[in-house]
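Residue numbers (my numbering): 45 to 764.
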């Protein structure tokens, strides 16, 4: 079977390109209508970079405009040029220039925060005296009214790239003005609602059209004014940009397209890809935290069921587990489960289809970014064709897959996280991942509640955006709702990022608890043997010629009791320290009695056994407390982790400064300590989760994840 790393290769390639672009500050992106990719879109949209049209493309733009002039002079009827729009297309006009201005003006129908040039009500409300009582504006944020500026910047870039293809019959001056918006960072305030993405994103794009016309009705943000109280005419004048007077078809060419939904969708998809990769890393961390088995990701499963996504995710997780001191194959001989639970055992089969969907979504969005999406279009031969390239269903398809994939990833991470927190499923981790006594702390109980709320919201968001309504006098009977789908996918990304952050916090906590226990076991092994040696010799003193026999029996008993101790440590994690180690020491009496030869035992056997239990309980309790207290201050789990996952753990603990959580880390400071400056920080579980959340949102983990793939997977594996 020929397998390949199709999703991994794609994502790593994009991240490498993003890293390359980040090293070229200020460089303009050259676009030609054919080769724009998502990393360059991200670069322009999120980093306020400019774009420059390839000079070779202008000939086609001019040719298409001349074809329009020729068709009009010959009396041809062309939709949206000398006809009305939509359901009014049966009307005719000779004032082709005024028609384009009307289109832009009348599509500016969305609600925005109040502006200084808005129409003022002539009559105050009859309830003026009680205005504050009924005012709901205090519950709204102004940002909730308009699209993120990054989406609008991306849309301007995509509109340039589409119009540059020379099938829209515009003049080159339109491209020049749109480029100027990016160069001078003059971005319109575009209402967040109002597009059904049928005949394109008509209303949102009308605000972009209004800016290049210098309309005094269109509010903008600029590099010098981020308040949104500037208007297009003022911004263009300040930047010495001459407004453009639209001629035939140019208004329609700008507004009749998928640029808004495609830009939003592309940016959102870029973020989903990061979370899909991170979910594989977190799954590998969960395997370690739950003492899981790499067997679940054996290549044989992919050979007999060769879905490429399954093969790839299994290979990635398997690679991340290399060198792990925690992941191990289970034999089931101790009566425990022979195999892991579903959340990690079937992770490759669960994630695989999501990776395949995201790969297809990437193909769809990449094509959309380099397509002509208005109507009508002109061929190279000068023929005008009327069709429906503005229908954004391809974007909807990509977003629906992405949003459902988000929910799927979330469900897996949610279950994995709960299994780490719950002692019934965690293979020996304490309840709520507490470092102290379970009766005195329940730190990760809050995380359990938190992720339940998040996953419930993801389940709601995963519902299909298929509530299509007839629009525009029945003319737009099919509408893609692409922008709505993209918007809610963006919401899903934020929710999943919160869930991912909570999972990563929990996984690091669980790994520290594993390392703390291993450190404890390593510290007691010598004294454990001494106590057992004293017991054996006090019960049955060695006679002449019996040394070898007693030594063999001691070794056998020591191995038995050591295995018993490890089992009891796992089964008593719900108990407080005082009771726990007394219980463990008492439980050793049974195995010891099974090994005693009563025919040679002394009369003091039971007394010696009782002294051993008391000494062992006291020793274990003291050693546990000393080890735990030391680990809380200086603990480091990296030595027992796989090579790749060690880097993630170190990133969280050292780079981000998120500690192993115990009561001292979140203890509420006193008012006095805050006043005197003894305590400047007052963190909560949520604030530590927030540190990880913001690191993911800012892309701080992308260089690390790129490095993991480059180190853990050979170039051959990346290109298979």
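Note that the Cβ used here is the ideal one computed from N, Cα and C, for glycine as well.
What you are looking at is a predicted structure, and each value in this text was computed from that prediction instead of being measured.
Short Cβ contact (9 angstroms threshold) for residue i with residue j
| i | j | result |
| --- | --- | --- |
| residue 73 | residue 84 | yes |
| residue 435 | residue 731 | no |
| residue 265 | residue 325 | no |
| residue 202 | residue 102 | no |
| residue 362 | residue 374 | no |
| residue 300 | residue 124 | yes |
| residue 79 | residue 414 | yes |
| residue 710 | residue 531 | no |
| residue 319 | residue 740 | yes |
| residue 421 | residue 144 | no |
| residue 542 | residue 327 | no |
| residue 525 | residue 510 | yes |
| residue 575 | residue 660 | yes |
| residue 367 | residue 687 | yes |
| residue 329 | residue 548 | yes |
Spatial distance of residue i from residue j (CA atoms)
| i | j | result |
| --- | --- | --- |
| residue 503 | residue 742 | 25 angstroms |
| residue 851 | residue 207 | There is simply no residue 851 to check, as the chain begins at 45 and stops at 764 in what is shown. |
| residue 388 | residue 695 | 23 angstroms |
| residue 312 | residue 228 | 25 angstroms |
| residue 76 | residue 100 | 8 angstroms |
| residue 764 | residue 50 | In this prediction, residue 764 scores a pLDDT of 46, lower than 50, which makes its location untrustworthy; the coordinate-derived value is nonetheless stated afterwards. So the alpha carbons of these two residues sit roughly 8 angstroms apart. |
| residue 350 | residue 395 | 14 angstroms |
| residue 158 | residue 61 | 41 angstroms |
| residue 298 | residue 122 | 16 angstroms |
| residue 409 | residue 269 | 32 angstroms |
| residue 56 | residue 756 | 13 angstroms |
| residue 528 | residue 256 | 26 angstroms |
| residue 205 | residue 90 | 17 angstroms |
| residue 239 | residue 87 | 25 angstroms |
| residue 762 | residue 53 | Its pLDDT being 49, under 50, residue 762 is placed unreliably by the model, and the measurement read from it follows with that caveat. Between residue 762 and residue 53, the C-alpha separation is close to 5 angstroms. |
| residue 571 | residue 648 | 23 angstroms |
| residue 277 | residue 267 | 15 angstroms |
| residue 109 | residue 81 | 27 angstroms |
| residue 19 | residue 316 | Because the chain in this structure spans residues 45 to 764, residue 19 falls outside the shown range and cannot be described. |
| residue 535 | residue 719 | 40 angstroms |
Reference residue i, options the options, closest by Cα
| i | options | result |
| --- | --- | --- |
| residue 140 | 296, 104, 71 | 296 |
| residue 557 | 454, 748, 416, 370 | 370 |
| residue 540 | 116, 600, 322 | 322 |
| residue 684 | 562, 634, 612 | 562 |
| residue 712 | 702, 514, 728, 700 | 728 |
| residue 334 | 215, 461, 746 | 461 |
| residue 579 | 598, 570, 315 | 598 |
| residue 428 | 70, 749, 71, 119 | 119 |
| residue 456 | 577, 430, 495 | 495 |
| residue 715 | 352, 706, 515, 725 | 725 |
| residue 230 | 573, 638, 263 | 263 |
| residue 209 | 501, 604, 416, 304 | 416 |
| residue 352 | 183, 403, 58 | 403 |
| residue 380 | 485, 611, 498 | 611 |
| residue 406 | 309, 497, 607 | 309 |
| residue 127 | 671, 68, 658, 419 | 419 |
| residue 607 | 640, 583, 573, 193 | 573 |
For residue i, three-class secondary structure by DSSP
| i | result |
| --- | --- |
| residue 705 | coil |
| residue 75 | strand |
| residue 151 | coil |
| residue 748 | helix |
| residue 50 | helix |
| residue 123 | coil |
| residue 98 | coil |
| residue 432 | coil |
| residue 341 | helix |
| residue 231 | strand |
Any C-beta of chain D under 9 angstroms from that of residue i
| i | result |
| --- | --- |
| residue 161 | Absent from the structure is chain D; it holds one protein chain and no more. |
Handout entry: At least three beta-carbon pairs within less than 8 angstroms, the region 219-231 to the region 92-100
Key = yes
Practice task
May I ask you to verify whether the region 390-403 touches the region 349-363, counting CB pairs closer than 8 angstroms and requiring at least 3?
Solution key: yes
Handout entry: Three-pair Cβ contact test at 8 angstroms for the region 144-156 versus the region 246-256
Key = yes
Practice task
Could you say if the region 613-624 and the region 472-483 meet the contact criterion of at least three C-beta pairs nearer than 8 angstroms?
Solution key: yes
Practice task
Would you check if there are 3 or more beta carbon pairs closer than 8 angstroms linking the region 621-628 to the region 653-665?
Solution key: yes
Problem - Three-pair Cβ contact test at 8 angstroms for the region 675-684 versus the region 546-560 - result: yes
Exercise for the section: Take every Cβ of the region 563-579, pair it with every Cβ of the region 475-483, and state whether three or more of those distances are shorter than 8 angstroms. Expected result: Flag = no, the region 563-579 and the region 475-483 do not touch.
Problem - Cβ contact (3+ pairs, closer than 8 angstroms) linking the region 334-344 and the region 649-657 - result: no
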